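What follows is a set of notes on a single structure, which appears directly below.
In the working numbering, the protein residues as written are 126 to 261.
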């Protein structure tokens, strides 16, 4: 893993699939979310830290390209990198890759920092912005 790319692994469980053992497409969004959350945790920031400050990192836009199917029991790697960083938002580029190194899904996810009290965009706290700058 390079300094600006994070890798997160997960196993596909039965609950992630349809009756045919294929991962339901909406679950890729959950996998991407888990990878971003764990990356933040690795940088020293918990979701509860945001909530205590009445802040949320909310998904504003997603562009997702489903290329191939993940299946029951597959071990997947989700790669994440930051492609754009602004004062109140950032864009993640993410991929889901199987054990054969085949890209199954790609996404570009724009996340905005929101003041949850007034439901309006706000600046990303400087400590968090600095951590993002170091890894982007």
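We put the beta carbon where it would ideally sit given N, CA and C, even for glycine.
Just so it is clear, the structure is predicted and the values come from calculations on it, not from any experiment.
- Within the DSSP bridge table, the entry for residue 147 names 196 as partners.
- Taking one beta carbon from each stretch, the stretch 232-240 and the stretch 194-204 have fewer than 3 pairs nearer than 8 Å; the two do not touch.
- The Cβ-Cβ distance between residue 222 and residue 202 falls below 7 Å.
- When DSSP assignments are scanned along the stretch 179-229, no uninterrupted stretch of alpha helix (DSSP H) that is 4 or more residues long falls wholly within it.
- Per the DSSP secondary-structure output, residue 235 pairs in a beta bridge with 186, 216.
- Look at residue 135 here: in three-state DSSP terms it is strand.
- Close CB contacts of residue 251 within its chain, under the 8 Å cut and outside five residues either way in sequence, are absent.
- Residue burial annotation: residue 228 is exposed, with fewer than 16 other C-beta atoms found within 10 angstroms of its C-beta.
- Around the beta-carbon of residue 138, fewer than 16 other beta-carbon atoms lie within 10 Å, marking it exposed.
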